[in-house]
Amino acid sequence: MSKQLAIQVTEWRQDSLDGAAVTEVPIPEPQAGEALVRILLRPVNPTDLVTLHGARAATIKLPTIPGSEGVGIIEQPAASSTKFSKGQRVVGCSFGSAHSGQGTWQQFLAVPEANLLPVPDSVPNHFAAQFYVNPVTAFGLVEALAAPQGEWIIQTAAGSVLGRQLIVLAKRKGVRTINIIRRSAQRDELLQLGADEVIATDSEDIKERVDEITGGKGAWAAADAIAGDTSAQLMGCIRTGGSVYVYGALSGLVANAPVLDLLSGKTLTGFSLPIWRKAYDARGGPTAGSEVMKLLEDNVIQPLTGKTYRLEDFKEAIKASTEIGHGGKILLEG
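Sequence positions in the sequence shown follow numbering that gives the first Met the number 0 and run 0 to 333.
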């Protein structure tokens, strides 16, 4: 059986990367309806680091291969396929994941053709590799928050790649954004991108500034990548009937909510990309994936790209991805 390189996690190490290593594993054999895809480029996402450090150990069996997105080419189309041809570039909605044991941090993946989308010629690999986790999530959050034109929404981690994309997509719908960042140095950059207001927590109080911006009404809703006490702060910044959508866990796996805010009609809820996308696609009309790919093709979304590392140098790439101010998304190739 042919072999390939993969980053395999064999034990959970909360404070180090010693539980993961480059290893040789069999190239998967496609089943009925599956294409064999050669992965060209895949990003290092925060969700991958959460996986590597064992935060999802209860739901993931070892050994596993991380990686939830990337861009590749069809190495072998599904039997009798008329949808894709050998050599065609593709991305995936549900490309692979550590939960299945077969993420994108390997050289080949067997993927159901129903999960694949063709990549237009005008979309470069470094954009296509970042198609799913950030752009589709940003698109989904703007849809889920459902703020009317002219209303205010809040987001944390606004300086992130996803945060920047959310700014662009909200502005496109006429929704105004209050963007929370840690460092004042990022303020001008986000304002130039289209952010309506920026709150830097190194020099400003979140609640005071939100009240000032909204005239005391509070924001329509909020998107939170941090969780913990930040979720509780945001609950105090939205109006009665509003919701805080938690989609990340940068401060840990608990999101807090004051009981009085809950009793007043505010909601703290989670945003799961797979669950949201399934419901969105079931409504009929264009799928979330096809809509986001069109946004990439039209340069509405332009993912911020950082340095590229070889797959074998994943530990160096992970270190770079955790440095403050590292810039765009770190990528792994090969």
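Every residue, glycine too, gets a C-beta built ideally from N, C-alpha and C.
CB of residue i within 8 Å of CB of residue j, strictly
{"i": "Arg182", "j": "Asp201", "result": "yes"}
{"i": "Tyr131", "j": "Ser67", "result": "yes"}
{"i": "Leu189", "j": "Gly158", "result": "yes"}
{"i": "Trp104", "j": "Leu330", "result": "no"}
{"i": "Leu40", "j": "Ala128", "result": "yes"}
{"i": "Gly251", "j": "Ala226", "result": "yes"}
{"i": "Thr304", "j": "His125", "result": "yes"}
{"i": "Val160", "j": "Lys328", "result": "yes"}
{"i": "Cys92", "j": "Arg276", "result": "yes"}
{"i": "Leu108", "j": "Gly100", "result": "no"}
{"i": "Gln164", "j": "Asn133", "result": "yes"}
Inter-residue CB distance, residue i and residue j (contact presumed, cutoff 8 Å)
{"i": "Ile177", "j": "Thr155", "result": "The pair is not a contact, with the Cβ atoms about 10 Å apart (cut-off 8 Å)."}
{"i": "Val90", "j": "Val70", "result": "5 Å"}
{"i": "Thr239", "j": "Gly264", "result": "5 Å"}
{"i": "Ile153", "j": "Leu233", "result": "6 Å"}
{"i": "Pro27", "j": "Gln75", "result": "Their Cβ separation, rounded to whole angstroms, is 11 Å, which puts Pro27 and Gln75 out of contact at 8 Å."}
{"i": "Pro45", "j": "Leu272", "result": "Actually they are not in contact, since the Cβ atoms of Pro45 and Leu272 sit about 13 Å apart, beyond 8 Å."}
{"i": "Leu48", "j": "Ile274", "result": "Not confirmed; about 22 Å, so no contact."}
Other residues of its chain near residue i: CB distance less than 8 Å, five sequence neighbours each side excluded
{"i": "Glu290", "result": "Phe138"}
{"i": "Tyr244", "result": "Leu140, Ala143, Leu144, Ala220, Ala221, Ala222, Asp223, Thr268, Gly269, Phe270"}
{"i": "Val8", "result": "Gly18, Ala19, Thr50, Leu51, Leu61, Pro62, Thr63, Ile64, Pro65, Ala97"}
{"i": "Lys206", "result": "Gln232, Gly235, Cys236"}
{"i": "Glu23", "result": "Lys2, Gln3, Leu4, Ala5"}
{"i": "Glu112", "result": "Gly32, Glu33, Ala34, Pro76, Ala77, Ser80, Lys82, Phe83"}
{"i": "Gly173", "result": "Gln148, Gly149"}
{"i": "Arg175", "result": "Gly149, Glu150, Trp151, Ile152, Ala169, Asp195, Glu196"}
{"i": "Met292", "result": "Val90, Leu116, Val118, Pro119, Val122, Phe130"}
Of the listed residues the options, nearest to residue i (C-alpha basis)
{"i": "Thr135", "options": "Ala220, Val118, Leu168", "result": "For the sequence presented, residue 135 should be read as Val rather than Thr. Nearest option by C-alpha distance: Leu168."}
{"i": "Gly32", "options": "Pro45, Phe83, Ala5", "result": "Phe83"}
{"i": "Ala78", "options": "Ala56, Arg12, Ala34, Arg175", "result": "Ala34"}
{"i": "Phe313", "options": "Gly95, Trp11, Arg12, Leu16", "result": "Leu16"}
{"i": "Glu315", "options": "Lys170, Val21, Trp11, Ala56", "result": "Val21"}
{"i": "Ala56", "options": "Met292, Arg12, Lys293, Phe126", "result": "Arg12"}
{"i": "Trp219", "options": "Asp204, Lys206, Cys236, Arg208", "result": "Cys236"}
{"i": "Asn255", "options": "Tyr279, Asp228, Ala278", "result": "Asp228"}
{"i": "Lys306", "options": "Gly162, Lys172, His325, Asp14", "result": "His325"}
{"i": "Trp151", "options": "Gln191, Glu203, Asp210, Gly102", "result": "Asp210"}
{"i": "Gly162", "options": "Pro302, Ala278, Gln106", "result": "Pro302"}
{"i": "Gln106", "options": "Val253, Ala278, Pro25", "result": "Pro25"}
{"i": "Ala184", "options": "Ala54, Ile323, Gly102", "result": "Ile323"}
{"i": "Gln191", "options": "Ile166, Glu203, Ala278, Arg171", "result": "Ile166"}
Nonlocal neighbours in the same chain, by C-beta distance under 6 Å from residue i, ignoring five residues either side
{"i": "Ile72", "result": "Arg37, Gly86, Arg88"}
{"i": "Gly247", "result": "Ala224"}
{"i": "Thr266", "result": "Ser242"}
{"i": "Glu196", "result": "Ile177, Ile212"}
{"i": "Leu295", "result": "Val122, Phe126"}
{"i": "Gly333", "result": "Arg309, Leu310"}
Cβ-based neighbour list, residue i, same chain, cut-off 7 Å, excluding 5 preceding and 5 following
{"i": "Lys216", "result": "Arg238"}
{"i": "Arg208", "result": "Ile198"}
{"i": "Thr58", "result": "His98"}
{"i": "Ser320", "result": "Val43, Ile329"}
{"i": "Gly288", "result": "Cys92, Leu116, Val135"}
{"i": "Ala146", "result": "Ile152, Val174, Trp219, Ala220"}
inquiry  = Any contact between the region 280-296 and the region 256-263? By contact I mean 3 or more CB pairs, one from each, below 8 Å.
reply    = Of all C-beta pairs linking the region 280-296 to the region 256-263, fewer than three are shorter than 8 Å, placing the two stretches out of contact.
message = For the region 114-127 against the region 47-65, do three or more pairs of beta-carbon atoms, one drawn from each stretch, fall closer than 8 Å, so that the two count as touching?
response = No, the region 114-127 is not in contact with the region 47-65.
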